[in-house]
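Asker: Per the numbering used here, residue 76 is the first one in the sequence shown, and the count goes up by one each step.
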Amino acid sequence: MIIRYALFEGEIHAGKEAAFRAYVKDRLVPLWTQFPGATEVRVLDGMERDEGAPVYAMALAIRYPDMETCNAALQSPVRFESREVTKGLLEMFTGRVHHHVFDANEYPVKAH
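1) CA-CA distance, residue 146 and residue 105?
2) Inspect the CB distances between the region 142-158 and the region 92-100 and report whether three or more fall short of 8 Å.
3) Since residue 84 and residue 171 are thought to touch, with beta carbons under 8 Å apart, how far apart are those beta carbons, to the nearest angstrom?
4) State the Cα-Cα distance for the pair residue 93 and residue 87, rounded to the nearest angstrom.
5) Let me know if residue 133 comes out buried or exposed under the rule of 16 or more other beta-carbons within 10 Å of its beta-carbon.
In structure tokens:
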């Protein structure tokens with residue numbers, strides 16, 4: 076399985092945290108959950124980090140069954156629509172957004 080991350084490296088403008096999170100939930104999640112072939116959409120809001128670590132305000136993780144499906148989703152009209160809507164989110168954010176694709180492997184957790 077493939078997971079494509081959009082990492083929002085940087086900070087939400089002071090006082091805009093609630094508006095940023097609401098914008099994601101109300102405007103972007105409805106689009107992201109329509110990406111063709113996606114099997115999971117997960118939004119991770121930054122909370123804490125190690126001392127000296129870079130700040131990640133948010134990470135978006137979208138799971139696909141394979142790279143072909145991921146690439147098809149990246150060419151879909153809803154993905155281009157979401158890129159336009161994301162411009163409004165970036166008005167509340169200082170930093171950069173970069174994308175990473177991972178080949179994900181899952182392992183069961185042993186009972187304690």
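Each residue gets a CB set at the ideal place from its N, CA and C atoms; glycine is no exception. For clarity, every value in this text was computed on a predicted model and none was experimentally measured.
Answerer: Concretely, from the data shown:
1) By 1-based counting over the sequence shown, the position of residue 146 is 71. By 1-based counting over the sequence shown, the position of residue 105 is 30. Going from the Cα of residue 146 to the Cα of residue 105 covers about 20 Å.
2) no
3) As a first step, residue 84 is located in the sequence shown; it is residue number 9 there, counting from the start. As a first step, residue 171 is located in the sequence shown; it is residue number 96 there, counting from the start. Correct: roughly 5 Å between the Cβ atoms.
4) Within the sequence shown, residue 93 is the residue found at index 18, counting from 1. Within the sequence shown, residue 87 is the residue found at index 12, counting from 1. Residue 93 and residue 87: Cα-Cα distance of roughly 10 Å.
5) Translated into the one-based positions of the sequence shown, residue 133 becomes position 58. The residue is buried, with at least 16 neighbouring Cβ atoms inside 10 Å.
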